[in-house]
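Residues in the sequence shown are numbered consecutively from 1, following the UniProt record's numbering.
The C-beta atom is built at its ideal place from N, Cα and C for all residues, glycine as well.
One structure below.
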Amino acid sequence: MVRARGSRGWSPSPERGSVPESPDGNGWHGNGASSEVSDEHPRSGGSSLRNKNRRPDINLLSLRWADEQPQDDDRRTCAATDATSDAGGHDLEGFDNDYQLHELTEMPSSDEEHGRAGSHHSHSERLFTCGATSGASDGGKTADLDLSDFREVLQEAETAGLNGLNGHMCDSAADGAGLDRLPGLRGGSSYDDDEMTTHGLAGEAASVGDLRDIEDEKEEVLRKEHEDTSPVSQLRLAVRDTWDYLRCMLHFLRGGAYDSPPCLGKSFGKTPAARVHAYAKAVPYLLWGEAHYRGGTVGRDMARNLRNVALPGTGLPLSLLCASRTLYGASVLVLPPLYSLAAAVLRRDPRGGLGPLIRRYREQLLRPPDWFSAWRANCSLSTLHAHVTKDEGYLIEDKFVFLQEARRLGLPTTPMLRDVAVVVKHRNEEGGLGFQSFSNASGGGDWIIQPRLHNSRRISGMLPPDAPLSTLRLVSCCEGGGMGGEILSCVWRAGRSGAETDHSSVLFDVDPVTGEVRGGASNGRWYKLGPLGAAGSLAPKEGEETNGITRHPDTGSVISGWRIPDFASIRDMVSEAHGKMAAGVPLIGWDVGLTTGGILLLEANLSCNFFRASYDRDRYHNLLDEHFAALSKRLNEG
């Protein structure tokens, strides 16, 4: 069944059981065949149809405004009709709602009727019809279907055994696709009844194959536009993209539906990446004062997590933009175009000219390739998902709950001291100075007290002696239903000399299937605060931005090409943990330690970060697109 949006059932015409007469007086088919529509229109959207003559060979649908009907209540009646020229037709009453797709009851026919009709169709077929909303003041116009609705109509028509849709619907779909006409149809870009006859379009159908031609043609146009690096062409596209971004962000910030941003047909195009990132920016604004699964409000949680992160070149913590909901909303509307331009300039190829620079600006604005944008998108997904679904899997964000659950499931995890509280003193301080007391989480306190973990001998041999515990970060996705998590990416954080944690590290990409270590990169310049930090962040070292690091910078040890030992067991452990601990949570980042005590599952991060790992971006964006579409609908229904 095609998705129906906001269905309110049938809209009764002024005379129940009657249908509008066509201009030629012979019904909408122009063949003199009579038909009858039952008076019984169930509110659920079904309709019982009775054919006086014989069962029609249903293969086309047409959509027309029935302007002849009296307008008692600002509604326009839309008739969806069988457009087959040689069959007894069925005129169907219209609807009063937004481009809905309704499934009518199956139409059985006897063997005798089937034989007389000479049809090779099955004894029952489904007819799908589209209703159009009121508000069109001009008569003789077809309803303006968008491309997604057209796609669904065609796919359902194909499933039902229909051959396609005729001219008016095809023309509307072409309009929504930004094309002059549908491939395979003759004539101009707009047709009324006379023009349909003039151009030979009456009874001509657009099939699912035609739809693919539309999409292929549109994709080819977009590809050529993207590859055209002439400054004039790229500047024109940049202006369009910037305008589309602003319109789309305003749409989302106002609570607009995820699946209908105003610019979906152009810049935001076939791939969902741009829509995903735009909506991800809007989610914190929409949920600003709501409770966050980690505690506090969404706005407060965001401020806490961005207090040590700065856009390269600014030195200013991004938490400053989270001082208020209004400030945050203004920042995601205005700052991305400015930052995208700055990023394009900083990463420009001096030999490339102006065209490639502008194209890089467009990419950064609509489909940002940086790790930070993916991290924020993941954070928005987890925030929205937890808010809408109330899934209990989000409880494992609490590290103590995570450790308890991992132990219950028999997963190897961090050892923990059982003492209720511990006291630490500085060896040379007195007078109450240098004294710290910590209450253990196992006794109701806030601290997890555990022995220090050490890197395995193989890991230690590649790192400086004072390097921190250097962990793997695996990101997995899970669709529930008792299935385990699927590994999307893996990165090894090779700690730097003197660092307390591996947040100061070289991020080596790891093949998520084989465990082979690839090139390394760094995101350190995103954590440089203050004037000196801002200056230093503008000059990344060689290889840091391109995964071009092959050796550890502190030891010179070759890292690239090394294989993580027993990686299959690590994958299985993470997959099992996701499926058993939080199967309802879409994405989780797992920290795994290769320690002297073996492989340990350290913690789960539900607002997860890919860091600089590689992953299938198309699949990732499709995953978020599906979740955002479903969650946005539930949020708006609310």
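Per-residue DSSP class, three states only, for residue i
| i | result |
| --- | --- |
| Ser230 | coil |
| Val423 | strand |
| Ala613 | coil |
| Ala494 | strand |
| Cys248 | helix |
| Trp243 | helix |
| Ala343 | helix |
| Arg275 | helix |
| Trp288 | coil |
| Asn636 | helix |
| His41 | Interpretation of His41 is limited by its pLDDT of 39, a score under 50 that renders its predicted location unreliable; no figure is taken from the coordinates. |
| Ala629 | helix |
| Ile487 | strand |
| Val558 | strand |
| Ser34 | Confidence at Ser34 is low in this model, with a pLDDT of 38, below 50, so the placement of that residue is unreliable and no value is reported for it. |
| Asn455 | strand |
| Pro336 | helix |
| Ala499 | coil |
| Leu474 | strand |
| Arg563 | strand |
| Thr314 | coil |
| Leu297 | The sequence given here has Thr at residue 297, not Leu. In this structure, Thr297 counts as strand in the three-state DSSP scheme. |
| Thr413 | strand |
| Gln71 | Its pLDDT being 42, under 50, Gln71 is placed unreliably by the model, and nothing is read from it. |
Continuous alpha helix (DSSP H) stretch holding residue i: start and end
| i | result |
| --- | --- |
| Glu363 | Leu354 to Leu366 |
| Ile549 | Element bounds for Ile549: n/a, residue is neither H nor E. |
| Gln404 | Lys399 to Arg408 |
| Ser260 | Counting along the chain, Ser260 falls outside any alpha helix (DSSP H), and DSSP gives it neither H nor E. |
| Ala386 | Trp371 to Thr389 |
| Glu576 | Phe567 to Met581 |
| Val309 | Segment: none, Val309 is in no alpha helix (DSSP H) and carries neither H nor E. |
Residue i and residue j closer than 8 angstroms at C-beta
| i | j | result |
| --- | --- | --- |
| Ser442 | Arg418 | yes |
| Leu587 | Cys477 | yes |
| Thr389 | Gly584 | yes |
| Ala342 | Gly315 | no |
| Val475 | Leu488 | yes |
| Val283 | Ser380 | yes |
| Gly289 | Gly299 | yes |
| Tyr245 | Tyr285 | no |
| Arg367 | Ala499 | no |
| Thr596 | His426 | no |
| Leu365 | Pro336 | yes |
| His621 | Gly484 | no |
| Gly519 | Ser560 | yes |
| Met604 | Trp590 | Residue 604 is actually Ala in this sequence, not Met. For Ala604 and Trp590, yes; Cβs fall inside 8 angstroms. |
| Leu287 | His387 | yes |
| Leu409 | Val401 | no |
| Ser456 | Arg493 | no |
| Val558 | Leu472 | no |
| Val332 | Lys281 | yes |
| Arg414 | Leu594 | Reading off the sequence, residue 414 comes out as Thr, not Arg. No, Cβ-Cβ distance for Thr414 and Leu594 is not below 8 angstroms. |
| Arg362 | Leu237 | yes |
| Ser497 | Asp446 | no |
| Leu306 | Ser319 | yes |
Start and end residues, beta strand (DSSP E) containing residue i
| i | result |
| --- | --- |
| Ala604 | Gly598 to Asn605 |
| Ala539 | Element bounds for Ala539: n/a, residue is neither H nor E. |
| Ala521 | Val517 to Ala521 |
| Ile588 | Leu587 to Thr595 |
| Cys478 | Looking at the DSSP string, Cys478 is not in any beta strand (DSSP E), and its letter there is neither H nor E. |
| Ser505 | Ser505 to Val510 |
| Ser437 | Phe435 to Ser439 |
Residue i Cβ short of 7 angstroms to the ligand COA heavy atom set
| i | result |
| --- | --- |
| Gln404 | You won't find the ligand COA in this model; it holds no ligand whatsoever. |
| task | Would you check if there are 3 or more beta carbon pairs closer than 8 angstroms linking the region 609 to 617 to the region 363 to 377? | result | The count of Cβ pairs closer than 8 angstroms, one atom from the region 609 to 617 and one from the region 363 to 377, reaches three, so the stretches are in contact.
| said: For the structure I just gave you, are there three or more beta carbon pairs, one from the region 504 to 520 and one from the region 551 to 570, closer than 8 angstroms? | reply: Yes, since at least three Cβ pairs between the region 504 to 520 and the region 551 to 570 fall closer than 8 angstroms, the two stretches touch.
| said: Does the structure place the region 620 to 634 close enough to the region 494 to 508 that three or more beta carbon pairs sit under 8 angstroms? | reply: Not touching, per the Cβ criterion.
| request: Assess, as a yes-or-no matter, whether the region 255 to 265 is touched by the region 353 to 371 under the definition of 3 or more beta carbon pairs within less than 8 angstroms. | output: Contact between the region 353 to 371 and the region 255 to 265 is absent, because fewer than three Cβ pairs lie under 8 angstroms.
| said: Would you call the region 522 to 531 in contact with the region 446 to 460, where contact means no fewer than 3 C-beta pairs closer than 8 angstroms? | reply: The region 522 to 531 vs the region 446 to 460: no contact.
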